[in-house]
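Residues in the sequence shown are numbered from 1 upward in steps of one, following my numbering. The structure under discussion appears below in the form of structure tokens.
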Amino acid sequence: MRELDDIVLRGILAGAIGPERAGVAVEAFHRPASVSVRVNPFKVADPGSFAKAHFGTDVRNVPWSPCGFMLEERPRFTLDPLFHCGCYYVQDSSAMAVGEIFRNTLSDFRDSGRPLRVLDLCAAPGGKSTDLAASLRTAFGDGFLLVSNEVMRSRVSVLADNIAVWGDPNVVVTSVDPKAFARLEGFFDIIVTDVPCSGEGMFRKDAKAVEDWSESVVNLCATRQKRIIGDVWPSLRGGGALVYSTCTFEEAENDAMMEWTARELGGGIYEYAYSSLPGVIPTRTGGLLVPGFVEGEGQFVSALRKSSGAREFRLTGKPAVGAGERRKGDLLIHIPESIVREVAALEILRPVQAGAAKGELKGRDLVPSADWALSLALPDGAFPVADLDRETALRYLHRDSIFLKDAPKGFVLVRFEGHPLGFVKNLGNRCNNLHPQGRKIKMDV
Numbered sequence: 001m002r003e004l005d006d007i008v009l010r011g012i013l014a015g016a017i018g019p020e021r022a023g024v025a026v027e028a029f030h031r032p033a034s035v036s037v038r039v040n041p042f043k044v045a046d047p048g049s050f051a052k053a054h055f056g057t058d059v060r061n062v063p064w065s066p067c068g069f070m071l072e073e074r075p076r077f078t079l080d081p082l083f084h085c086g087c088y089y090v091q092d093s094s095a096m097a098v099g100e101i102f103r104n105t106l107s108d109f110r111d112s113g114r115p116l117r118v119l120d121l122c123a124a125p126g127g128k129s130t131d132l133a134a135s136l137r138t139a140f141g142d143g144f145l146l147v148s149n150e151v152m153r154s155r156v157s158v159l160a161d162n163i164a165v166w167g168d169p170n171v172v173v174t175s176v177d178p179k180a181f182a183r184l185e186g187f188f189d190i191i192v193t194d195v196p197c198s199g200e201g202m203f204r205k206d207a208k209a210v211e212d213w214s215e216s217v218v219n220l221c222a223t224r225q226k227r228i229i230g231d232v233w234p235s236l237r238g239g240g241a242l243v244y245s246t247c248t249f250e251e252a253e254n255d256a257m258m259e260w261t262a263r264e265l266g267g268g269i270y271e272y273a274y275s276s277l278p279g280v281i282p283t284r285t286g287g288l289l290v291p292g293f294v295e296g297e298g299q300f301v302s303a304l305r306k307s308s309g310a311r312e313f314r315l316t317g318k319p320a321v322g323a324g325e326r327r328k329g330d331l332l333i334h335i336p337e338s339i340v341r342e343v344a345a346l347e348i349l350r351p352v353q354a355g356a357a358k359g360e361l362k363g364r365d366l367v368p369s370a371d372w373a374l375s376l377a378l379p380d381g382a383f384p385v386a387d388l389d390r391e392t393a394l395r396y397l398h399r400d401s402i403f404l405k406d407a408p409k410g411f412v413l414v415r416f417e418g419h420p421l422g423f424v425k426n427l428g429n430r431c432n433n434l435h436p437q438g439r440k441i442k443m444d445v
């Protein structure tokens, strides 16, 4: 790995935040990266109490995230069963600022009379999507659809897993190029675009970002960002919101990109008091988060409202009554009643994952899916339960055989501290472990 010279880094930062601030930031880049988590408010009743009890009383709130918390040190998250239950997600605190700007746009969409439709265009590994899903469920209950898209097939399986573990059934995962969404003209109310960028905000945390950086990469990224926004723009309805973010300090990829979008595609920048967020530096169109001024990594975020005039997508068919069940081969999938028609409209994109997988039909049995155990849609009392201690929970996550002394035979929902973890098939003298191979803990437990 080549080291990025402090003089070069200072020059990059000086262009974005001025020479005095740049000096503060350069020093921060030589300090260790911070650690933060965001608690799932639909699996944990009181996020603040949970964070203090689970991570220590010295946790601190992330100022712009109601469920975000800074930790004093990095635990071994892999060896925490509650992480695998979807009780929290490990996310940089600066990235959580995108969720705050997203929540600021929601008041414009409260009376649409249908589910709110949101696209997270560049979603892997899933941090922002899980944040958006929690914000949408808080504001709209079951009345929303979130499409989490990742164009790179090598990253989409991680995204799908993280969405499944978070447990919200109103999320659909796709893997298409942004231009594919043009077929759904006017479909989305809000599009969130955390676009590929030159990555300067990640220099402290990611050695590869340092290795890959050059001025030509900045120019290449700016060109790519214009293509991405232009390709997806037709799918945003008139009056809809675009929430835009990067992890770079480059003006060409940040303010200039938002100004280009407003001017060339038609829109107005959302007004937001970025200076009210501690440490956030206001820019012409948005806010810049810089190490040394905030505890997290580098992030830019802004939002604009699309000019009215673009037609809104109209669904065909009658509104659904009751939750839908899809068959995908032998897999049975639960689709929430509120979004049955929306999910049907998305079939042209061939979704990777939609709703919550209930289980696989094998002969006369429905073998329950791990995703169903973790889903918010799982009905209470649907399966007999067995509560595991920490040691047994880790052996389960390691896909070792476990023994349940007092559980009935058949499919049993196993839990840790009252939170669903997955399924086993109890044979009496042993259990068949149904934890997915791809989510197995690989390290020694």
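Glycine included, C-beta positions come from ideal geometry on N, C-alpha and C.
What would DSSP say about residue i, mapped onto helix, strand or coil?
i	result
arginine 311	coil
cysteine 221	helix
asparagine 149	strand
leucine 184	coil
isoleucine 333	strand
alanine 377	coil
methionine 96	helix
alanine 33	coil
arginine 74	coil
methionine 1	Low confidence applies to methionine 1: its pLDDT is 32, below 50, so where it sits in the model is not reliable, and the reading given next is rough at best. Correct three-state label for methionine 1: coil.
asparagine 104	helix
glutamate 83	The sequence as given places phenylalanine at residue 83; glutamate does not occur at that position. Phenylalanine 83: helix per DSSP, three-state reduction.
lysine 425	strand
aspartate 387	strand
leucine 236	strand
valine 352	coil
arginine 110	coil
arginine 10	helix
Return the residue from the list the options that minimises the CA-CA distance to residue i.
i	options	result
glycine 240	Asp212, Tyr270 and Cys221	Tyr270
lysine 358	Ala345, Val352, Leu331 and Ile339	Leu331
alanine 373	Asn426, Ala124 and Asp168	Asp168
glycine 422	Asn429, Val412 and Arg430	Val412
proline 336	Leu349, Ala354 and His435	Ala354
glycine 18	Phe50, Leu220 and Val290	Val290
glycine 428	Leu434, Asp406, Pro420 and Asp444	Asp406
threonine 193	Glu211, Arg204, Gly268 and Phe102	Phe102
serine 216	Glu253, Gly238 and Met202	Glu253
phenylalanine 313	Asp142, Ser338 and Phe187	Phe187
serine 338	Phe140, Val98 and Ala33	Phe140
I'd like the list of long-range same chain contacts for residue i, defined as Cβ closer than 7 Å, with 5 residues on each side in sequence excluded.
i	result
alanine 16	Phe249, Glu251 and Leu288
methionine 96	Arg38, Val62, Trp64, Ser65, Gly68 and Asp131
alanine 180	Leu349
Taking 6 Å as the limit between beta carbons, can you name the residues of its chain near residue i, skipping five residues before and five after?
i	result
serine 275	Pro282
valine 218	Ser198 and Glu250
proline 234	Ala182 and Glu185
According to DSSP, what are the bridge partners of residue i?
i	result
histidine 419	Phe416
asparagine 40	For asparagine 40, which the question treats as bridged, DSSP gives no partner whatsoever.
glutamate 360	Leu331 and Val367
glutamine 437	Partner(s): none; glutamine 437 has no beta bridge.
aspartate 142	None, per the DSSP bridge assignment.
leucine 116	Phe144
glycine 324	Ile335
What residues in its chain sit with their C-beta under 8 Å from that of residue i, if we drop five residues either side in the sequence?
i	result
threonine 392	Ile402
valine 294	Ser93, Ser94, Pro278, Gly279 and Val280
tryptophan 213	Leu4, Ser198, Gly199, Glu200 and Phe203
Is residue i close to the ligand GDP? I mean its beta-carbon at under 7 Å from any heavy atom of the ligand.
i	result
alanine 354	The model depicted lacks the ligand GDP and carries no ligand whatsoever.
Minimum length 4: unbroken alpha helix (DSSP H) runs contained in the region 152-208: 153-166
Beta strand (DSSP E) segments (min. 3 residues) lying fully within the region 241-317: 267-269, 286-289 and 299-306
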